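So the structure is just underneath, and the comments pick up after that.
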Amino acid sequence: MLTPIRLQQVWDALDNVPDPEIPVVSIRELGILRDVREDDGGLEIIITPTYSGCPAMGQIEDDIRAALAFQHLTARITTQLAPAWTTDWINAATKEKLHSYGIAPPHTTTPDSDKVIRFAPRKSDVNAIACP
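For reference, each letter of the sequence shown is one residue, going 16 to 147 in the numbering used here.
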């Protein structure tokens, strides 16, 4: 059984796994690391790529395994595609790290914000064409 103390140790170990493409932030800070849980008596790590087909996911899995091995642990690593990763999972402190590193951090927006760029009109903005 995974005790709360051991679970915290796992999270702490994974906090130190850097993103392979942006090493100043961890996979947890970017929101790639989604969950740590017990599954069928073993440890399961849930990760979500920043986009489908992200080439760094293999490296991220290897880095997770290495961090866990240092703690004498093994885990099944599951890539979860839904919900899709979003920059909304990046907190303000992490955005500041990105900015200090020279990367323009994403801005948080809401669906009704006037800063959202729409590439297609909303359904309510389009006159429906009746079928014959």
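We treat Cβ as the ideally placed atom computed from N, Cα and C, and that holds for glycine. Everything numeric in this text was worked out from a predicted model, so none of it was measured.
- The beta-bridge partner set that DSSP reports for Arg49 is empty.
- When the beta-carbon positions are compared, Lys110 and Pro98 stay at least 7 Å from each other.
- With contacts defined as CB atoms closer than 7 Å, Ile47 and Ile60 fail to qualify as a contacting pair.
- In terms of CA proximity to Gln24, Phe85 leads the group Ala107, Gly73, Phe85.
- Only residues of its own chain outside the window of five on either side were considered, and among them Pro120 have a CB closer than 6 Å to the CB of His114, listed in chain order.
- Contact annotation: Glu53 and Leu17 have beta-carbon atoms nearer than 7 Å.
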